[in-house]
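There are 2 protein chains.
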Amino acid sequence: MSSIREKNKITKRRCILDAAIRLFSKKGYDQTSIEELAREAGIGKGTVYSYFQTKKDIVRTFCEDELEFIREELAANTNPDTSLKDQLMILFMAEFKHLSRNKEFGRLYLQETVFPDEHHSEKDLEMQSRYFELLFPIYVKAQERGELRQDLELLHIAGHFYALYLLLVSCWFNGMIPTGEAREAMSTLLDQTIEGLKPAEQTGEHDE
Amino acid sequence: MSSIREKNKITKRRCILDAAIRLFSKKGYDQTSIEELAREAGIGKGTVYSYFQTKKDIVRTFCEDELEFIREELAANTNPDTSLKDQLMILFMAEFKHLSRNKEFGRLYLQETVFPDEHHSEKDLEMQSRYFELLFPIYVKAQERGELRQDLELLHIAGHFYALYLLLVSCWFNGMIPTGEAREAMSTLLDQTIEGLKPAEQTGEHDE
DNA sequence: AAAAATAATTGACTGCGGTCATTTTTTTAT
DNA sequence: ATAAAAAAATGACCGCAGTCAATTATTTTT
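Chains A and B are the protein sequences, given in the same order. Residues in the first sequence are numbered from 0 upward in steps of one, following numbering that gives the first Met the number 0. Residues in the second sequence are numbered from 0 upward in steps of one, following numbering that gives the first Met the number 0.
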C-alpha cells in the first residue's frame with residue numbers, strides 16, 4: 000500500500016540505470032564516476048548505493064534485465080518446429096544484437112559471468128543452468144527430428160553451442176570479426192558443428 | 000655494461016612478481032594493496048609503477064611469461080605424429096594446469112584477453128593470432144592423416160577447439176566442473192567435436 | 001493532527017590505485 | 001677522487017569507489 004515510496008523506488012532505480020546507460024555509453028565505464036552518475040540521475044551519491052551494491056552491479060542488473068526480456072520475447076516468438084540451426088541463430092543473434100548495442104556493458108557482464116570469482120560463482124552457475132535448461136526443449140525436439148544424435152547428454156549439446164557463442168563474442172571483442180560479419184560467422188560455425196568435423200569420406204551423405 | 004643496474008632491475012622485477020604471486024594467491028587480488036605488495040617486495044610503492052604500468056599489468060605479465068614458457072616447452076615435447084586428440088589434450092591440459100595453480104591470476108588474465116576493451120584489443124588480437132598459428136601445423140597434419148575434413152579453413156578449425164577450451168574453463172570457474180574432472184570433460188568434448196554431432200544413423204560407421 | 005517509528009537520502013570520510021616532483025643512487029666526465 | 005649527468009626510488013598527493021552517522025521524508029500510531 001505504500002504508494003509514494005514504492006513508486007519512487009522504481010522510478011529512481013530506472014533513473015539510475017538510464018543515467019548509467021547514457022554515461023557509460025558516452026564516456027566509458029571507468030571514465031564515469033559514481034558522483035557524476037548520481038548528479039546525472041539527480042540524486043546524492045550515497046543513494047546510488049542503496050539501489051545497487053557496487054558500480055559493477057549496475058551493469059550486472061541492467062544486463063540481467065535485458066537478458067530476461069530478450070529470452071521472454073524469444074520464448075514467445077520462436078517457432079519450435081523450424082530447424083535447430085534457425086532457432087539457435089535467432090536466439091544467438093538476438094543476444095548478440097543486445098551486446099553490440101551495449102558493448103561496454105556487455106563486456107563487463109561477460110567478464111564477470113564467464114569467469115566469475117569464488118564469491119559470484121554460485122549465482123552465475125544458477126544463471127547458466129537456467130539458461131541451459133531454457134534451451135533443452137529445443138535440443139530434445141531436434142533429437143526427435145533426427146537433427147542431433149540421441150546418445151549425447153543435453154548438457155553437452157548445450158555446451159557445444161554455448162562454446163560457439165563464447166568464441167564468436169570473443170572474436171568480436173578483439174576485432175577479429177566485425178559487427179557486420181557476425182551473423183555469417185555464427186552461421187558457418189553452427190553449420191560446421193551441426194554437420195560435424197569429420198572428413199567427408201567417412202560420412203554417409205553430403206550435399207557438397 | 001651497466002652491471003649493477005641491469006641486475007637490480009631484473010632482480011626487482013622478479014621480487015615484485017614473486018610478492019604478487021604470494022599475496023594474490025593468499026589474500027586475493029582485490030584484497031592486496033599495492034602498498035602492501037611493495038612492502039612485501041621490500042621497495043617503495045612508486046617503484047612498483049616503474050616496473051609495471053598498472054596493478055593488472057602485473058597479472059598480465061606473469062601470465063604471458065608463463066604461457067610463453069608452457070608453449071615453448073610443449074613445442075619441444077609434442078610428438079606431431081600422435082593423434083590430433085592426444086596433442087590437443089596435452090596442450091589444453093598443460094594450460095589448464097597452469098590455470099588451476101594460479102586461479103586468481105588466470106581469471107583476471109582471461110577476463111582481459113577474452114573480452115578485451117578497445118584499448119587492449121589489438122594487442123590481444125596479436126596474441127590470439129600467434130596462438131592460433133602455433134596450432135596450425137597440428138591441424139594440417141591431422142588433415143593430411145584424414146582426421147579432419149580438408150574443406151575447412153584452419154582458422155575455423157582452431158576456433159572450434161579454442162571454443163571448447165573457453166567452455167571448459169568457464170565451467171570450471173563457476174563450479175560446474177571440479178578440477179579433478181576437467182581432464183575427462185575436455186576429453187569428452189574433444190571426442191564429440193572431432194567425431195561430430197551428427198545422428199548416429201546418418202554416419203557410415205560407429206563403434207557404439 | 002501531532003507524535004512516534006520507520007525508511008530513504010545524503011555528503012563528509014576512508015582506503016586504495018595511480019601520478020609526480022623531489023631525493024637518492026649509479027654512471028660518466030674531468 | 002670529484003663534479004656533473006643520468007637513472008631509479010620514493011612517498012606525499014589526487015581522484016574515485018564504497019561506507020556510515022546524521023538528516024530528511026514517509027508511514028503508522030494515538
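Think of the CB as a built atom: it goes at the ideal place given N, C-alpha and C, for glycine as much as any other residue. Values in this document were obtained by computation on a predicted structure and should not be read as measured data.
The three-state secondary structure of tyrosine 161 of chain B, taken from DSSP, is helix. Contact between isoleucine 15 of chain B and tyrosine 50 of chain B holds: CB atoms are separated by about 6 Å, below the 8 Å threshold.
If you look at aspartate 29 of chain A, you'll find it isn't in any alpha helix (DSSP H); DSSP assigns it neither H nor E.
Here the C-alpha atom of glycine 43 of chain A lies approximately 9 Å from the C-alpha atom of leucine 36 of chain A. One Cα belongs to glutamate 67 of chain B, the other to glutamate 146 of chain A, and the distance between them is close to 42 Å. Contact check for phenylalanine 104 of chain A and phenylalanine 23 of chain A: beta-carbon distance about 6 Å, within the 8 Å limit, so the pair qualifies.
If you check each beta-carbon in the stretch 113-125 of chain B against every beta-carbon of chain A, the ones closer than 8 Å belong to Val113, Phe114, Pro115, Asp116, Ser120, Glu121, Asp123 and Leu124. In this structure, DSSP gives threonine 192 of chain B a helical state, which the three-state scheme calls helix.
Close CB contacts of leucine 189 of chain B within its chain, under the 7 Å cut and outside five residues either way in sequence, are with Lys84, Leu87, Met88 and Leu163 (chain order). For phenylalanine 23 of chain B, the nearest beta carbon of chain A is not closer than 8 Å to its own beta carbon. His159, Tyr161, Ala162, Leu163, Leu165, Leu166, Val168, Ser169, Cys170, Phe172, Asn173, Gly174, Met175 and Thr187: these are the residues of the stretch 159-187 of chain B whose beta carbon lies less than 8 Å from some beta carbon of chain A, given in chain order. Residues are counted here when their Cβ sits less than 7 Å from a Cβ of chain B; for the stretch 126-143 of chain A these are Gln127, given in chain order. In the DSSP assignment, asparagine 76 of chain A falls within the alpha helix (DSSP H) that extends over 54-76. Inter-segment contact for the stretch 108-123 of chain B and the stretch 175-193 of chain B is absent: fewer than three beta-carbon pairs are separated by less than 8 Å.
The three-state secondary structure of threonine 46 of chain A, taken from DSSP, is helix.
Against chain B, the beta carbon of arginine 106 of chain A has neighbours under 9 Å at Phe114, Pro115 and Asp116, listed in chain order. Fully contained in the stretch 112-148 of chain B are the following alpha helix (DSSP H) runs of length 4 or more, in chain order: 117-143.
Residue contact with chain A for glutamine 191 of chain B: present (Cβ-Cβ distance below 8 Å to some residue of chain A). Residue environment for arginine 59 of chain B: buried (at least 16 other C-beta atoms within 10 angstroms of its C-beta). DSSP, read as helix, strand or coil, puts phenylalanine 104 of chain B in helix. Taking 8 Å as the cut-off, the beta carbon of alanine 93 of chain B is found no closer than this to the beta carbon of isoleucine 57 of chain B.
DSSP places methionine 175 of chain B in the coil class of the three-state scheme, outside both helix and strand. Per the C-alpha coordinates, the member of A/Ala141, A/Arg148, A/Gln127 and A/Leu151 positioned closest to tyrosine 161 of chain A is A/Gln127.
A distance below 6 Å between beta-carbons, with the five flanking residues on each side excluded, links serine 99 of chain B to the following residues of its chain, in chain order: Thr178. Remark: C-beta atoms of isoleucine 156 of chain B and proline 79 of chain B do not approach each other more closely than 8 Å. Cβ neighbours of proline 115 of chain A within its own chain (closer than 7 Å, five residues either side excluded): Asp123. Using a Cβ-Cβ cut-off of 8 Å, glutamine 86 of chain B does not count as an interface residue toward chain A, since no Cβ of chain A sits closer than that to its own.
At least one beta carbon of chain A lies nearer than 8 Å to the beta carbon of histidine 155 of chain B. Taken through DSSP and simplified to helix, strand or coil, aspartate 85 of chain A comes out as helix. At a beta-carbon threshold of 7 Å, the residues of chain A lying near glutamine 110 of chain B are Gln110 and Phe114, ordered along the chain.
Minimum Cα-Cα distance from asparagine 101 of chain A among the listed residues A/Thr81, A/Asp150, A/Lys25 and A/Leu133 corresponds to A/Lys25. CA-CA distance, glutamine 142 of chain B to methionine 185 of chain A, rounds to 23 Å.
For phenylalanine 95 of chain A, the closest C-alpha among the options A/Asn76, A/Glu65 and A/His118 is that of A/Glu65.
Assigned with DSSP and collapsed to three states, leucine 151 of chain A falls in coil, not helix or strand. From the listed residues B/Thr10, B/Val113 and B/Tyr130, the smallest Cα separation to leucine 73 of chain B is found for B/Tyr130.
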